[in-house]
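Asker: For the sequence shown, this note's numbering gives the first residue as 906, with consecutive numbering after it. The beta carbon of each residue, even a glycine, is placed where N, CA and C say it ideally should be.
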Amino acid sequence: MTIRIYHNPRCSKSRQTLQLIQKAGVEPVIVEYLNDPPTIRELEQLVKKLGIEPQELIRKGETLYKELGLGKRDLSRKEAIQLMHEYPKLIERPIVVKGDRAILGRPPENVQELL
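1) When DSSP builds the beta bridges, which residues end up paired with V1002?
2) Excluding the five sequence neighbours on either side, which residues of its own chain have a C-beta within less than 7 Å of the C-beta of D1005, listed in chain order?
3) What's the call for M989, buried or exposed, on a 16-neighbour Cβ count within 10 Å?
4) For the alpha helix (DSSP H) that V931 lies in, which residues bound it at each end?
5) Rounded to a whole number of angstroms, what is the C-alpha to C-alpha distance between L1023 and V952?
6) Which of helix, strand or coil does DSSP assign to I957?
7) Out of L962, K994, K1003, K971, point me to the one whose CA is closest to K983's CA.
8) In whole angstroms, what separates the C-alpha of V1002 from that of E972?
9) What's the gap between the Cα of R915 and the Cα of I986?
10) Rounding to the nearest angstrom, what Cα-Cα distance links L925 and L939 in this structure?
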């Protein structure tokens, strides 16, 4: 079964997660989501597979989060998805997907249960 990683090569956790997957003998499909942002539908599927609310997938420590004043707002599911689509930098990373399951690679060792 194919493993897909939503990857930011500039992020150390994302690089560590990718390396862990490759060391397990798996060559994942790499989605550099900052260059190829997920669609609204893909984001909806990701949060479903992760088993979390969309708001939980937003990087609250990101400068853009503060610049947009998002900490002062109570985002709906739809708003959170739309924001991540428009500003992929807000998406927590890395996300590893296998079939109908997804795991956030923080810490990178979390992905071992998908391998």
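Answerer: Short version:
1) R909, A1007
2) K954
3) buried
4) Segment: none, V931 is in no alpha helix (DSSP H) and carries neither H nor E.
5) An answer regarding residue 1023 cannot be provided, because it is not within the stretch 906 to 1020 covered by the chain.
6) coil
7) The candidate whose alpha carbon is nearest that of K983 is L962.
8) 30 Å
9) 23 Å
10) In this structure, the CA atom of L925 is about 21 Å from the CA atom of L939.
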